[in-house]
Amino acid sequence: MKISNKPRFLLITLILSLFLFTSFATFSSQASPNGLVIDTSNIILGKVYYDNFSMVAKKLTSANGIGYCLQINKDYPHSEIFTNQGTVNYDIENILACGYPNRSPKDLNLPSEEDAYFATQIAIWSYIEGYDTSKITGDRPEIITAINTIYNNSLTLKNVKLNYDTNLFFTADSIQHVVILSINISESLPISDISPIIDESNIIQGK
Numbered sequence: 001m002k003i004s005n006k007p008r009f010l011l012i013t014l015i016l017s018l019f020l021f022t023s024f025a026t027f028s029s030q031a032s033p034n035g036l037v038i039d040t041s042n043i044i045l046g047k048v049y050y051d052n053f054s055m056v057a058k059k060l061t062s063a064n065g066i067g068y069c070l071q072i073n074k075d076y077p078h079s080e081i082f083t084n085q086g087t088v089n090y091d092i093e094n095i096l097a098c099g100y101p102n103r104s105p106k107d108l109n110l111p112s113e114e115d116a117y118f119a120t121q122i123a124i125w126s127y128i129e130g131y132d133t134s135k136i137t138g139d140r141p142e143i144i145t146a147i148n149t150i151y152n153n154s155l156t157l158k159n160v161k162l163n164y165d166t167n168l169f170f171t172a173d174s175i176q177h178v179v180i181l182s183i184n185i186s187e188s189l190p191i192s193d194i195s196p197i198i199d200e201s202n203i204i205q206g207k
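Mapping of the sequence shown onto the UniProt record's numbering: position 137 corresponds to residue 137, and the numbering continues sequentially without gaps.
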């Protein structure tokens with residue numbers, strides 16, 4: 001039986017393509033050591049109203065942790081590569097300290113993490129845009145209360161402990177700047193709380 005060389009040619013082509021793709025991905029990650037891909041969920045977490053317009057929010061995701069948008073009138077990110085611009089200012093950090101995830105949904109009297117995220121995002125936009133949160137309305141009173149609680153606490157409670165590191169990321173003028181919260185390992189895992197791993201196979205059982 002005569003065997004065609006076509007399958008062998010296709011296999012070689014596939015291997016070369018995979019090699020080139022892997023090399024390009026490696027080069028890209030090395031060329032942008034501070035780069036971070038940030039994406040947006042398609043799910044709208046909630047809607048509230050202010051003056052004659054509505055505000056909706058979606059959740060940001062990244063390999064480093066959850067994020068919040070800082071400019072309501074610009075586009076959401078969709079897998080763009082962002083560069084680290086350093087830390088955010090004190091006022092934004094204080095809102096984050098008073099909001100989710102630094103405060104749990106239970107702390108904010110909300111039933112879910114999605115609600116807590118949404119309330120925190122609206123509080124951030126309200127601070128940046130100068131909105132009066134007492135004029136924000138919606139069909140869920142608990143969300144409105146949480147927005148006001150986060151915003152007002154950030155103004156009145158100083159030096160609130162934030163258990164996350166924050167970094168500001170930027171990609172293009174048309175897309176919102178993003179603040180990413182990543183877990184502060186030294187704060188979240190104190191040495192005294194780390195238990196050693198014991199190999200039970202070497203334990204001698206007493207009688």
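Every residue, glycine too, gets a C-beta built ideally from N, C-alpha and C.
From a predicted model like this one, the values you see are computed outputs, not experimental measurements.
Original post:
How many Å lie between residue 30 and residue 164 at the Cα?
Top reply: In this prediction, residue 30 scores a pLDDT of 31, lower than 50, which makes its location untrustworthy; the coordinate-derived value is nonetheless stated afterwards. One Cα belongs to residue 30, the other to residue 164, and the distance between them is close to 26 Å.
Original post:
With a Cβ-Cβ cutoff of 7 Å, do residue 71 and residue 168 count as a contact?
Top reply: Residue 168 is positioned such that its CB atom lies no closer than 7 Å to that of residue 71.
**OP:** May I have the straight-line CA-CA distance separating residue 97 from residue 151, to the nearest angstrom?
**Re:** Going by the C-alpha atoms only, they are around 11 Å apart.
Original post:
residue 257 and residue 59: beta carbons closer than 7 Å?
Top reply: With the chain represented from 1 up to 207, any question about residue 257 goes unanswered, as that position is not in the structure.
**OP:** Please go through the same chain and pick out, in chain order, the residues whose beta-carbon is closer than 7 Å to the beta-carbon of residue 57, but skip the five residues on each side of it.
**Re:** Hits under 7 Å: 45, 46, 118, 121 and 122.
Original post:
What did DSSP end up calling residue 87 once you bin it into helix, strand or coil?
Top reply: Three-state result, residue 87: coil.
**OP:** Starting from residue 151, trace the beta strand (DSSP E) both ways and give me its first and last residue.
**Re:** For residue 151, there is no enclosing beta strand (DSSP E); the enclosing alpha helix (DSSP H) covers residues 141 to 156.
Original post:
Can you round the beta-carbon distance between residue 68 and residue 179 to whole angstroms, since I take them to be within the 8 Å contact cut?
Top reply: The Cβ separation is near 5 Å, so the contact holds.
Original post:
Going by beta carbon distance, what residues of the same chain come within less than 8 Å of residue 76, once the five residues before and after it are set aside?
Top reply: The residues are 40, 58, 60, 69, 175 and 176.
**OP:** State the DSSP-derived secondary structure class of residue 165, mapped to helix, strand or coil.
**Re:** In this structure, residue 165 counts as strand in the three-state DSSP scheme.
**OP:** Reducing DSSP to helix, strand and coil, say where residue 76 ends up.
**Re:** Residue 76 carries a coil assignment under DSSP once its states are collapsed to helix, strand and coil.
Original post:
Going by beta carbon distance, what residues of the same chain come within less than 8 Å of residue 105, once the five residues before and after it are set aside?
Top reply: Same-chain partners within the cutoff: 111, 112, 113, 115 and 116.
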